[in-house]
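Step one of this worksheet: look at the structure below.
2 protein chains.
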Amino acid sequence: MANEKKGQQNTILDIAEALKLSPATISRALNGHPHVKEQTKNDVLEMAAKLGYRRNNMASGLRSNKTHTVGLIVPRISMFFHAEVITVIQNGLHKHGYNLIICQSNDSVLMEKELTEILYASRVDALVASCTLFTTDFVHFDRLLENGTPVIFYDRVPLKDLGAVVIKGDDFRGGYMAASHLIEVGCRKIAHISGPLTSNLYQNRSAGFLKAMEQYGLPVNENWIFHQELTPVNARIAMEKLFQSDEVPDGIFTDNDSSAIAALEYAKEAGLNVPADLKIVGYSNDPRTSIISPSITTIEQFPTEVGKKVVEVLIELLKKTGASTTIVSPITMPIELIRRMST
Amino acid sequence: MANEKKGQQNTILDIAEALKLSPATISRALNGHPHVKEQTKNDVLEMAAKLGYRRNNMASGLRSNKTHTVGLIVPRISMFFHAEVITVIQNGLHKHGYNLIICQSNDSVLMEKELTEILYASRVDALVASCTLFTTDFVHFDRLLENGTPVIFYDRVPLKDLGAVVIKGDDFRGGYMAASHLIEVGCRKIAHISGPLTSNLYQNRSAGFLKAMEQYGLPVNENWIFHQELTPVNARIAMEKLFQSDEVPDGIFTDNDSSAIAALEYAKEAGLNVPADLKIVGYSNDPRTSIISPSITTIEQFPTEVGKKVVEVLIELLKKTGASTTIVSPITMPIELIRRMST
DNA sequence: AACTTTTATGAAAACGTTTTCATGTTTGCT
DNA sequence: AGCAAACATGAAAACGTTTTCATAAAAGTT
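Just so you know, the protein sequences line up as chains A and B, in that order. With our numbering, the residue at position 167 of the first sequence is 167, and numbering never jumps. Count along the second sequence from 1, add 1000, and you get the number used in our numbering.
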């Protein structure tokens, strides 16, 4: 009841007044402080509910230096994997009373730096980032870290250990599984269209790929290994190079699904029969890989699980006061090969 | 220089001190108040830049009742059209110093209501929403509107006029163009897989479709018109119904691309030749429509333009103080038919 | 019973802005 | 020259919390 004027939210003072208590006690009760009587706490909670009280985050934030806001930087929200992860993070944070500011770096290092700066200035309580493929220098995150602001990297993570928590896919194993699978279904001459080695993703997938090749005693043709930005156009160029040579591959592992799709299209246009003449494995289980014909074998990265893990870590870091953390940093998330018609 | 302690941002007071002015003047200079000398304003701006001053949004917001934050509710950020629109809005708002909180209703009315409630409680300065397909009751937006908070709907918009700005695609024309195109390329027996009539989108696309049919004097078979949630599964069920009858259609217009893709897949499996036996037109120009084979004719909605328009309106509404607005409300954005191999 | 410690609460300051009111200074007008 | 209007600035209050300090009551200890 109290203050039900139009466009007027009621405050902690309204609760205090209704209960004949001081605002201080209300604040403590609401925030679960230890030194507040059980009975009082219940009364406060009840009255708060009755009055439809909602904490004013700006007032609270101003005083306590908390924004109740988490920043997120991803290359592009339209990428299937990230869209899924974001959804889970968003929902998870909402449950805990946090807002999420989603920013896109568009895979530009400059933009990433600028966004980090903006989010720092916005005083976010934590930052989640999946870096640019070309981010090798991570100093722009230092200000946050020095400040004590938790930083969590996922998927595209720094190569060296900053003070941040790192959640990454099992890219080595992904590369290994992709190559092993191609070999097991009969490929002997395997090409690899990979991304720039500035990113942990492609370093590890490449390493896994090479490990499998070595283990099965297959030769690695240097000319069949590409490290380039994983665009459809680049994939097509790589395919042209591969197939205008006298010796052509019988299997291709691409480090993302867009490239796999481009490779498949090139193959179809060139009159190659997939999977008979050429087998293809992609990466990420983009929905497109299941609708294209033939459907493409790919590596599932379980974005939902990654998102859940990010939230879990985030909440732990946000709640904790001191420096004590039980989180062990490089957290590796499992992946899985999904076999389809392209192999 | 002033206050360069670790983790200490400097405030309006630091500028005031450095310039021997009062904080009030600094605030006015920073906010472009009329009654501040040109020289002073320049000094302030210069000093602010020098000190790397960034406004504390929480303090500012607390006092002025502005959060510098805009809320956005969309069904799903992974939908191509929305992902594009969001990107544009996000970037546009950043340029003007606003943050964007992106929320997903997942096409659930309940969730949409809850999110509206949360964003209201978060005191967003404005709300942008693309509604659920099943939102017929818009009372949950009333609190914002009564409050004087600008509300902008785009794409999926309310049927009746609330006090909000509405930015919609030219769905009637889209439906009309799709049907006309099918007729012009030779179809005579055309089916329409449409969405629930609770949404403006499908009402208008259906109306456009019917208009074209009538204009060309083609009969409309009631059993060939489906109003259902536009999922691949539903599309497949519709296709089964259509093709296990003795008279089968020679053209299909689906109200989104997922359904078009599902329809195409069914057709391929059923041994139908697309486009010879059956022509298909989708809606939205989802990237998948261009990679599938045969590629699918669809309606381009120019998400970038829609996003730009949203930002334009948003900024105008956020800047304006009084009630004077030059915005005429139902803004209709153009669409375009993109012809591909499926017709 | 006389203490210390713990528990529960209140008073008041603080967070960094914006804004109202007041006041002094300039400019414009007759 | 005298007065009104416009301009430029400052002092101080206000926004709604959280938090420090103080204090009173209850519980524990010898």
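Just so it is clear, CB atoms sit at the ideal spot from N, CA and C, and this is done for glycine as well.
- For B/I1101, same chain residues with a beta-carbon under 8 Å away, outside a window of 5 residues either side, are T1069, V1070, G1071, L1072, L1119, S1122 and V1124 in chain order.
- Segment contact: the region 1300 to 1309 of chain B against the region 1324 to 1340 of chain B, three or more CB-CB distances shorter than 8 Å; contact assigned.
- When 7 Å is used as the limit between beta carbons, B/A1059 is near these residues of chain A: L62, in chain order.
- With a beta-carbon spacing of about 5 Å, B/D1107 and B/P1075 fall inside the 8 Å limit used to define contacts.
- Counting along the chain, A/L72 sits inside the beta strand (DSSP E) bounded by residues T69 to V74.
- Bounds of any beta strand (DSSP E) do not take in A/A270, whose DSSP letter is neither H nor E.
- Every beta strand (DSSP E) of 3 residues or more that sits fully in the region 1160 to 1237 of chain B is shown, in chain order, as 1165 to 1169, 1190 to 1194 and 1225 to 1227.
- For A/I296, none of the residues of chain B pass the 7 Å Cβ criterion, the least Cβ distance being about 11 Å.
- Between A/M47 and A/A18, the gap from beta carbon to beta carbon is short of 9 Å.
- By the Cβ neighbour-count rule, B/A1024 is exposed, with fewer than 16 other Cβ atoms within 10 Å of its own.
- Nearest CB-CB separation between A/P150 and chain B: not below the 9 Å threshold.
- Taken through DSSP and simplified to helix, strand or coil, A/E336 comes out as strand.
- According to the DSSP secondary-structure assignment, B/V1281 is paired through a beta bridge with B/F1253 and B/T1297.
- The contact set of A/T87 on chain B, defined by CB atoms closer than 9 Å, consists of R1076, I1077, S1078, Q1104 and N1106 in chain order.
- Rounded to whole angstroms, the gap between the alpha carbons of B/L1318 and B/P1150 is 8 Å.
- If you keep only unbroken alpha helix (DSSP H) runs of at least 4 residues inside the region 18 to 90 of chain A, you get 23 to 30, 38 to 51 and 57 to 64.
- Among the CB atoms of chain A, one or more fall inside 9 Å of the CB of B/A1083.
- When beta bridges are read from the DSSP output, B/N1099 appears opposite B/T1069.
- With respect to B/A1191, B/N1234 sits apart: the two C-beta atoms are not nearer than 9 Å.
- Per the C-alpha coordinates, the member of A/V311, A/K279, A/A207 and A/I331 positioned closest to A/K95 is A/V311.
- Taking a 10 Å sphere around the C-beta of B/G1097, we find fewer than 16 other C-beta atoms and assign the residue as exposed.
- For B/L1318, the nearest beta carbon of chain A is not closer than 9 Å to its own beta carbon.
- Here A/L133 carries a coil assignment [DSSP, helix/strand/coil].
- Proximity of chain A to B/A1121 at the Cβ level (cut-off 7 Å) is accounted for by R54, in chain order.
- Taking a 10 Å sphere around the C-beta of A/P249, we find 16 or more other C-beta atoms and assign the residue as buried.
- Residue nearest to A/L201 within the set A/A126, A/T136, A/E117 and A/E316 is A/T136 (criterion: CA-CA distance).
- When Cβ-Cβ separations below 9 Å define contact, B/H1096 makes no contact with chain A.
- Listed along the chain, the chain B residues whose CB falls inside 9 Å of the CB of A/T67 are N1057 and M1058.
- The DSSP-derived three-state label of B/I1331 is strand.
- Contact with chain B is found for A/E265, since one of that chain's Cβ atoms lies less than 9 Å from the residue's Cβ.
- Using a CB distance below 9 Å, the part of the region 288 to 312 of chain A facing chain B consists of R288, I291, I292 and S293, ordered along the chain.
- In this structure the region 1265 to 1278 of chain B does not touch the region 1162 to 1174 of chain B; the number of beta carbon pairs closer than 8 Å is below three.
- For B/V1313, the enclosing alpha helix (DSSP H) starts and ends at P1303 to K1319.
- In terms of CA proximity to A/I15, A/K50 leads the group A/Q39, A/K37 and A/K50.
- In terms of Cα proximity to A/I280, the closest of A/L314, A/R340, A/L62 and A/R173 is A/R340.
- With 16 or more neighbouring CB atoms inside 10 Å of its own CB, A/D155 falls in the buried class.
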